Amino acid sequence: SEVTDEYMHSVADLATTKGRHLPLPEKSLIISDLTRFNLRKANFGWGNAVYCGLASSSTGITFIMPHKNAKGEEGLLLPICLPLEVMNRFAKEFNDMIGNQNHPN
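Residue numbers are given in full-length UniProt numbering: position 6 of the sequence shown equals residue 6, and the series is strictly consecutive.
Right, here's the structure in full:
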């Protein structure tokens, strides 16, 4: 049988109703792309949004979000929560991949 969108919505609704998190397979990372969700243009009646971020962190789940730094430069933010040993390896691999542009020796 095939897993449909309707089934996934139903499972998510059940987990929310019962206060449970969906189980993740071991060594999984879920990344949700929020780059098209332009919160800066959303009007909730409270004025312009200054910051939007995660309410809490969870290992294995993260979001790619648009971000503007203190200089006003636009970019992407990818907050990530990993176990310490995995985070250390991730940081090394990432820095090697980008050529240590942000952390010169």
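All C-beta atoms, glycine included, are put in the ideal place defined by N, C-alpha and C. The structure displayed is predicted, hence computed values, not measured ones.
Between which two residues does the alpha helix (DSSP H) harbouring Leu78 extend? Careful: Leu78 lies outside any alpha helix (DSSP H) and carries neither H nor E.
What's the call for residue 106, buried or exposed, on a 16-neighbour Cβ count within 10 Å? For the chain, the structure presents residues 1 to 105; residue 106 sits outside this window and is missing.
Take Ser28 as the anchor and find which of Leu14, Cys81, Glu93 and Gly99 has the nearest alpha-carbon. Cys81
Reduced DSSP secondary structure (H/G/I, E/B, other) of Thr62: strand
Here's the rule: buried if 16 or more other CB atoms are within 10 angstroms of the residue's CB, otherwise exposed. What is Asn35? For the record, residue 35 in the displayed sequence is Thr; it is not Asn. The residue in question, Thr35, is exposed, as its Cβ has fewer than 16 Cβ neighbours within 10 Å.
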